[in-house]
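*Asks:*
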Amino acid sequence: MKARNAYVRLRYKGGGTMDITEESSGCTIVDCASGEADTISVSLFNKSGKWFKKNYFPKSSDYIRATIVVDKWKNDSEHREVYQGKFVADQFAASGFPATVDLEGMSIPLHTGFNVTQRSKTYKKTSLKSILQIIAKRAGIKLVFEASNHKADEVSQDGNTDLEFAFSICSDYGCCMKLYNGKMIIYDQTAYERKASRFTLNKSDLGDDSTYNFTRSVSKIYDSVKFQYQNKKGKNITYNYNIPGRTGRRTLFISSSADSHADAEKKAKAQLASTLREAITASFTVMGDPKYRACRVFRVTGFGKFNGRYFIDKVTHNFSDEGYTSTIECHKCVTNIR
132 MKARNAYVRL RYKGGGTMDI TEESSGCTIV DCASGEADTI SVSLFNKSGK
182 WFKKNYFPKS SDYIRATIVV DKWKNDSEHR EVYQGKFVAD QFAASGFPAT
232 VDLEGMSIPL HTGFNVTQRS KTYKKTSLKS ILQIIAKRAG IKLVFEASNH
282 KADEVSQDGN TDLEFAFSIC SDYGCCMKLY NGKMIIYDQT AYERKASRFT
332 LNKSDLGDDS TYNFTRSVSK IYDSVKFQYQ NKKGKNITYN YNIPGRTGRR
382 TLFISSSADS HADAEKKAKA QLASTLREAI TASFTVMGDP KYRACRVFRV
432 TGFGKFNGRY FIDKVTHNFS DEGYTSTIEC HKCVTNIR
């Protein structure tokens, strides 16, 4: 009977498309929900020195495609293949002896100025989707928009790169931006956190080699928000919001810009939710499984007051001589802001 097995199938596009799975001695894939790019790091044998040759030496147009494969992992009949995306080749390092190379890639389009060119531009009579369409077109990637299309009279990009600016304006309106497989995916975080749980992680499921950490920050817990801004006439306006059912007195104060009272409401609620998501966080390092993916919701049980629904912010899949592990970084879902 074949033993259970887990590995990363690696396809490298350089001088041609090559399967480099058998050359790999280790691999780490980082899958992020928002705020940063997905990354891959691969260690490869280089005894023949072929990675120094023209057809193999990485160029700016090269990329890696990765698929996690598990065979007989949880039971004898199981076989799963989960595609992890396309990563543009970035850093390349060689060392010896023994002769090895380390290849790193990320989900950012490095052949454009997406993450390096600083721009100053004002977008007028526009919307969140319209701005992101312009940015995606400049970067040469596809926009997938799964959020409300917030309107704005004026939005300024003040010396930011397109990458920084896109993350920032999405955050202003409670949206997340995931860069995956040549796409810029925009989604409403609260809507995602209201989705059904994909699996349950119980304390009894953790093995001797597993670890867990929970953190509760009282300073991040608020009952309401007060958002102050100036209207077009220069008059100071305040928007107030109390979380339904909360009777406490902790108020988050924000002073920022807004086009209108409706715009202030969206920004205030987005910032309140973002702060509350820092109140209860957790991490788990467990036996690896490709079902652990960023943006998914799962249920935690067996940990008393920490029990509940959690949203995955980041997963690190690590393959080495010691086996396959997954590290899940997450926060308790915040869905009570209406």
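For the sequence shown, the residue numbers in the working numbering are 132 to 469.
All C-beta atoms, glycine included, are put in the ideal place defined by N, C-alpha and C.
Note that this is a predicted model, so its numbers are computed, not measured.
What residues in its chain sit with their C-beta under 7 Å from that of K252, if we drop five residues either side in the sequence?
*Replies:* Locating residue 252 in the sequence shown gives position 121, where the first residue counts as 1. Excluding residues within five positions, the ones whose Cβ falls inside 7 Å are Q288.
*Asks:* Can you tell me whether G519 is helix, strand or coil according to DSSP?
*Replies:* Since the first and last residues shown for the chain are 132 and 469, residue 519 lies out of range.
*Asks:* Between the beta-carbon of Q100 and the beta-carbon of V356, is there less than 8 Å?
*Replies:* No answer is possible for residue 100: the residues shown for the chain start at 132 and end at 469.
*Asks:* Alpha carbon to alpha carbon, how far is M132 from I151?
*Replies:* For the purposes of this step, residue 132 is identified with residue 1 of the sequence shown, where counting begins at 1. For the purposes of this step, residue 151 is identified with residue 20 of the sequence shown, where counting begins at 1. With a pLDDT of only 48 at M132, under 50, the local geometry of the prediction cannot be trusted, and the value read off the model is given with reservation. CA-CA distance, M132 to I151, rounds to 26 Å.
*Asks:* So the candidates are I266, L175, S165; which of them puts its Cα closest to the Cα of Y143?
*Replies:* For the purposes of this step, residue 143 is identified with residue 12 of the sequence shown, where counting begins at 1. Ranking I266, L175, S165 by Cα distance to Y143 puts L175 first.
*Asks:* Straight-line CA distance for H462 to S179?
*Replies:* Taking the first residue of the sequence shown as position 1, residue 462 is located at position 331. Taking the first residue of the sequence shown as position 1, residue 179 is located at position 48. Their backbone Cα atoms lie some 46 Å apart in a straight line.
*Asks:* Taking DSSP as the reference, what is the three-state secondary structure of C301?
*Replies:* Residue 301 sits at position 170 when you count from the first residue of the sequence shown. Looking at C301 - three-state DSSP - the assignment turns out to be helix.
*Asks:* Less than 8 Å between the C-beta atoms of D478 and R377, yes or no?
*Replies:* Outside the displayed span of the chain (132 to 469) sits residue 478, for which this structure offers no information.
*Asks:* Mind listing, in chain order, the continuous beta strand (DSSP E) runs of no fewer than 3 residues lying wholly within the stretch 322 to 380?
*Replies:* 331 to 333, 342 to 347, 355 to 361, 367 to 373
*Asks:* Measuring alpha carbon to alpha carbon, tell me which residue in N367, R380, Y372 is nearest S386.
*Replies:* Counting from one through the sequence shown, the residue named residue 386 turns up at place 255. Answer by Cα proximity: N367.
*Asks:* In chain order, what residues of the same chain have a beta carbon less than 8 Å from the beta carbon of T432, not counting five sequence neighbours either side?
*Replies:* Translated into positions along the sequence shown, residue 432 becomes position 301. Excluding residues up to 5 positions away in sequence, T331, L332, N333, K334, N438 lie with their Cβ nearer than 8 Å to the Cβ of T432 in the same chain.
*Asks:* Kindly list the residues whose CB is nearer than 6 Å to the CB of V200, restricted to its own chain and excluding five residues on each side of it in sequence; keep chain order.
*Replies:* By 1-based counting over the sequence shown, the position of residue 200 is 69. Answer for V200: Y138, R140, E212, listed in chain order.
*Asks:* Can you tell me whether K190 is helix, strand or coil according to DSSP?
*Replies:* Residue 190 sits at position 59 when you count from the first residue of the sequence shown. Note: K190 maps to coil in three-state DSSP.
*Asks:* Applying the 10 Å Cβ sphere with the 16-neighbour rule, what's the burial state of H210?
*Replies:* Walking along the sequence shown from the start, residue 210 turns up at place 79. Under this definition H210 is an exposed residue.
*Asks:* Does DSSP put M132 in a helix, in a strand, or in coil?
*Replies:* Working through the sequence shown from its first residue, we reach residue 132 at position 1. Reliability fails at M132, whose pLDDT of 48 lies under 50, so the model's placement of it is uncertain and the value that follows must be treated cautiously. Of the three classes helix, strand and coil, the one that applies to M132 here is coil, per DSSP.
*Asks:* Between S328 and the rest of its own chain, which residues show a CB-CB distance below 7 Å, the 5 nearest in sequence each way excluded?
*Replies:* By one-based count along the sequence shown, residue 328 stands at place 197. Same-chain partners within the cutoff: V428, F429, R430, R440.
*Asks:* Pairs of beta-carbons, one from the stretch 221 to 228 and one from the stretch 262 to 277, closer than 8 Å: are there three or more?
*Replies:* no
*Asks:* Take the Cβ of E324 as the centre, count every other Cβ of all protein chains shown within 10 Å, and call the residue buried at 16 or more, exposed below.
*Replies:* Counted from its first residue, the sequence shown places residue 324 at position 193. Label assigned to E324: buried.
*Asks:* Based on the DSSP secondary-structure assignment, which residues constitute the bridge partners of K309?
*Replies:* The residue you call residue 309 lines up with position 178 of the sequence shown. Answer is I316, bridged to K309.
*Asks:* Does the structure place the stretch 239 to 256 close enough to the stretch 343 to 352 that three or more beta carbon pairs sit under 8 Å?
*Replies:* no
*Asks:* CB A267 to CB M308, shorter than 8 Å?
*Replies:* For the purposes of this step, residue 267 is identified with residue 136 of the sequence shown, where counting begins at 1. For the purposes of this step, residue 308 is identified with residue 177 of the sequence shown, where counting begins at 1. Not in contact: A267 and M308 (Cβ atoms no closer than 8 Å).
*Asks:* Thinking L241 and V219 are a contact (beta carbons under 8 Å), I'd like their distance in whole angstroms, please.
*Replies:* Numbered from its first residue, the sequence shown carries residue 241 at position 110. Numbered from its first residue, the sequence shown carries residue 219 at position 88. With 8 Å as the limit, L241 and V219 qualify as a contact, their Cβ atoms being about 5 Å apart.
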